[in-house]
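In terms of the numbering used here, the sequence shown opens at residue 187 and continues consecutively. Ideal placement from N, C-alpha and C gives every residue a C-beta, glycine not left out. To start, the structure under review is shown below, and the notes come after it.
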Amino acid sequence: MAGYKPVAIQTYPILGEKITQDTLYWNNYKTPVQIKEFGAVSKVDFSPQPPYNYAVTASSRIHIYGRYSQEPIKTFSRFKDTAYCATFRQDGRLLVAGSEDGGVQLFDISGRAPLRQFEGHTKAVHTVDFTADKYHVVSGADDYTVKLWDIPNSKEILTFKEHSDYVRCGCASKLNPDLFVTGSYDHTVKMFDARTNKSVLSVEHGQPVESVLLFPSGGLLVSSGGRYVKVWDMLKGQLLVSLKNHHKTVTCVCLSSSGQRLLSGSLDRKVKVYSTTSYKVVHSFDYAASILSLALAHEDETIVVGMTNGILSVKHRKSEAKKDPLPRRRRPAYRTFIKGKNYMKQRDDILINRPTKKHLELYDRDLKNFRISKALDRVLEPSCVIKTPEVTVSIIKELNRRGVLANALAGRDEKEISRVLNFLIRNLSQPRFAPVLINAAEIIIDIYLPVIGQSPVVDKKFILLQGLVEKEIDYQRELLETLGMMDMLFATMTRQESSSLLEHTSVEFPDKKKTASCCLNRTKKNF
Numbered sequence: 187m188a189g190y191k192p193v194a195i196q197t198y199p200i201l202g203e204k205i206t207q208d209t210l211y212w213n214n215y216k217t218p219v220q221i222k223e224f225g226a227v228s229k230v231d232f233s234p235q236p237p238y239n240y241a242v243t244a245s246s247r248i249h250i251y252g253r254y255s256q257e258p259i260k261t262f263s264r265f266k267d268t269a270y271c272a273t274f275r276q277d278g279r280l281l282v283a284g285s286e287d288g289g290v291q292l293f294d295i296s297g298r299a300p301l302r303q304f305e306g307h308t309k310a311v312h313t314v315d316f317t318a319d320k321y322h323v324v325s326g327a328d329d330y331t332v333k334l335w336d337i338p339n340s341k342e343i344l345t346f347k348e349h350s351d352y353v354r355c356g357c358a359s360k361l362n363p364d365l366f367v368t369g370s371y372d373h374t375v376k377m378f379d380a381r382t383n384k385s386v387l388s389v390e391h392g393q394p395v396e397s398v399l400l401f402p403s404g405g406l407l408v409s410s411g412g413r414y415v416k417v418w419d420m421l422k423g424q425l426l427v428s429l430k431n432h433h434k435t436v437t438c439v440c441l442s443s444s445g446q447r448l449l450s451g452s453l454d455r456k457v458k459v460y461s462t463t464s465y466k467v468v469h470s471f472d473y474a475a476s477i478l479s480l481a482l483a484h485e486d487e488t489i490v491v492g493m494t495n496g497i498l499s500v501k502h503r504k505s506e507a508k509k510d511p512l513p514r515r516r517r518p519a520y521r522t523f524i525k526g527k528n529y530m531k532q533r534d535d536i537l538i539n540r541p542t543k544k545h546l547e548l549y550d551r552d553l554k555n556f557r558i559s560k561a562l563d564r565v566l567e568p569s570c571v572i573k574t575p576e577v578t579v580s581i582i583k584e585l586n587r588r589g590v591l592a593n594a595l596a597g598r599d600e601k602e603i604s605r606v607l608n609f610l611i612r613n614l615s616q617p618r619f620a621p622v623l624i625n626a627a628e629i630i631i632d633i634y635l636p637v638i639g640q641s642p643v644v645d646k647k648f649i650l651l652q653g654l655v656e657k658e659i660d661y662q663r664e665l666l667e668t669l670g671m672m673d674m675l676f677a678t679m680t681r682q683e684s685s686s687l688l689e690h691t692s693v694e695f696p697d698k699k700k701t702a703s704c705c706l707n708r709t710k711k712n713f
């Protein structure tokens with residue numbers, strides 16, 4: 187009697203994104219740590235100096251977190267109303283923040299009370315930053331003004347009134363202490379020079395500007411607003427590239443530590459990573475809520491995202507340090523196991539092959555012993571259905587080939603039939619599984635049609651399956667219509683090519699006839 191032949195599991199191409207160096211780099215983060223704040227997280231800013239703590243602005247408080255702490259190590263709460271845009275100075279010792287009442291406060295990281303309070307704005311201050319010389323602060327507010335403050339004297343130096351709507355974002359140049367950029371809801375981004383008392387550059391973004399960012403070199407500017415992220419050449423004032431990869435408003439942008447990747451966060455709950463050479467999306471992160479703020483730590487070790495629901499998501503990079511291997515018992519060398527493998531058979535030798543024992547899977551053992559229902563139950567386990575659905579489909583196909591699929595599906599209770607229906611609902615619309623599963627769905631409907639109405643759970647599954655099949659039929663119909671239109675276009679193109687070819691040949695033939703008649707006339711004259 188011939189031995190049992192195991193079921194051949196059909197292999198399918200793996201569906202998913204292409205694995206690149208960026209995919210490996212940005213997926214190399216641990217499971218995110220989630221911290222609940224008192225309100226929407228409007229700003230996250232990392233200290234430029236070790237130990238690289240970060241400031242989180244939410245509601246009327248500013249929390250300072252250590253890189254690996256889940257509780258704030260310091261809190262600034264001396265605000266009468268909502269606080270905005272807490273930003274570290276370049277040396278990491280001072281922190282400046284705006285507030286809803288129009289005030290700008292300067293804090294020492296080692297203290298709690300504000301060192302300086304700058305009063306002059308009449309409405310909420312949404313953006314503040316230190317200039318490159320560390321002794322001045324730039325602020326922009328909802329009163330349409332941009333102000334430059336002197337830290338030692340606590341006085342206002344300049345006021346710019348060139349915007350015609352709320353000033354919601356800004357940043358100062360890290361190279362020139364006199365240059366800083368602001369973005370406004372009047373759709374413009376302006377660069378101001380403290381030496382000229384006016385703007386030296388103005389570009390039209392086309393949407394209310396939510397965030398601006400200067401490249402470290404100072405030659406490129408990034409602005410975000412609406413669904414667009416735009417990159418500008420600061421020397422020429424020209425638009426270099428306009429990116430539209432988000433479905434909702436882009437609220438924040440930041441650069442990686444190397445400056446080779448640009449990150450953008452949006453209300454569509456996604457963070458996109460762009461290459462700064464090709465400006466194509468190289469990676470994407472998904473989050474549970476709309477994103478308001480985004481920041482990267484030194485060497486991209488930590489990525490922190492603040493959301494509208496008050497959740498702070500913190501991802502730490504996996505450590506690359508290898509653990510010292512435990513001492514193991516010495517095992518035979520590799521040559522011990524391959525001894526005699528390369529021996530060449532001589533003339534008088536008799537070669538005896540040792541029979542290899544075949545290890546069957548559990549479902550193969552059940553099929554070998556004709557336990558068809560049990561074999562189907564094994565491949566309907568959640569671990570198999572989720573990780574290897576092709577195994578389940580192969581067993582269903584084998585049972586159908588044997589003609590016993592109806593017997594394996596019959597006689598099941600509510601729980602068992604629900605598992606079968608769940609698998610069909612999950613995988614019926616996949617083209618690689620559809621030919622097998624449609625046949626199985628027809629058999630299930632024929633078997634359990636007389637008992638429909640006895641179980642509301644099963645009835646609900648059947649309704650879902652019906653809707654899925656109807657939707658798939660609509661898709662197939664649309665595909666057939668599209669295929670018909672494409673066939674018509676191809677046929678028309680073929681006819682035009684053939685007609686043009688005929689016209690070309692018809693033009694050539696009369697010339698040949700004329701030359702032939704001329705040759706005949708000449709020969710007659712000669713004779």
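When beta bridges are read from the DSSP output, ARG447 appears opposite SER461. One alpha carbon belongs to PHE619, the other to GLY589, and they sit about 19 Å apart. In the assembly as shown, LYS422 is an exposed residue. Its beta-carbon has fewer than 16 other beta-carbons within 10 Å.
Under the three-state reduction of DSSP, PRO575 is assigned to helix. No residue range can be given for PHE265, since it is assigned to no alpha helix (DSSP H) and is classified by DSSP as neither H nor E.
Beta-bridge annotation (DSSP): GLU305 is not paired with any residue. Around the C-beta of SER228, 16 or more other C-beta atoms lie within 10 Å, and the residue is accordingly described as buried. Taking 3 residues as the shortest admissible run, the stretch 189-261 contains the following complete beta strand (DSSP E) segments, listed from N- to C-terminal end: 219-222, 227-232, 240-244 and 247-251. By the Cβ test, the stretch 313-328 is in contact with the stretch 275-291, since at least three Cβ pairs between them sit closer than 8 Å.
Per DSSP, ASP379 lies in no alpha helix (DSSP H) segment; the continuous beta strand (DSSP E) that holds it begins and ends at 374-379. Around the Cβ of ILE477, a 10 Å sphere holds 16 or more other Cβ atoms; the residue is buried. Residues of the same chain with a CB within less than 7 Å of the CB of PRO338, apart from the 5 flanking positions on each side, are TYR321 in chain order.
In this structure, the straight-line span from the alpha carbon of PHE293 to that of PHE232 is close to 15 Å. Between LYS309 and the set GLY496, ASP267 and SER296, the nearest pair of CA atoms involves ASP267.
Here the stretch 382-399 makes contact with the stretch 417-432; the two share three or more CB pairs at distances below 8 Å.
A buried status is given to TYR634, since no fewer than 16 other beta-carbon atoms sit within 10 Å of its beta-carbon.
Bridge pairing for LYS333: SER325 and THR345 [DSSP]. Rounded to the nearest whole angstrom, the CA to CA distance from GLY653 to GLU628 is 14 Å. PHE523 sits away from VAL571, with the two beta carbons spaced by 9 Å or more. The stretch 443-455 and the stretch 478-494 touch, with no fewer than 3 CB-CB distances between them shorter than 8 Å. Minimum Cα-Cα distance from ARG298 among the listed residues LEU448, PHE262 and THR317 corresponds to PHE262. Cα atoms of ASP315 and LYS416: separation of roughly 22 Å, rounded to the nearest angstrom. Per DSSP, reduced to three states, the secondary structure at ASP454 is coil, with no helix or strand assignment. Counting C-beta pairs closer than 8 Å gives fewer than three between the stretch 204-218 and the stretch 247-263, which falls short of the contact rule. For VAL367, the uninterrupted beta strand (DSSP E) segment begins and ends at 365-370.
Distances from the CA of TRP335 to each of PHE304, VAL311 and ALA474 were compared; the closest alpha carbon is that of PHE304. Remark: fewer than three beta-carbon pairs, one from each stretch, lie closer than 8 Å, so the stretch 517-532 and the stretch 234-244 are not flagged as touching. For the pair THR435 and ASP419, the Cα-to-Cα distance works out to about 23 Å.
Linking GLU683 to ALA677 through their CA atoms gives a straight-line distance of about 10 Å. Within the DSSP secondary-structure output, TYR414 pairs in a beta bridge with GLY411. Between MET493 and LEU400, the alpha-carbon positions lie close to 23 Å from each other. The stretch 490-577 is shown to contain whole beta strand (DSSP E) runs of 3 or more residues at 497-502, in chain order. Scanning ILE624, SER452, SER479 and CYS357 for the CA closest to the CA of ARG275 turns up CYS357.
The alpha-carbon of GLY597 is positioned some 23 Å away from that of LEU614.
Counting along the chain, the unbroken alpha helix (DSSP H) around ILE630 starts and ends at 620-634. Each of GLY404, GLN393 and VAL398 was checked against the Cα of GLY412, and the nearest Cα belongs to GLN393.
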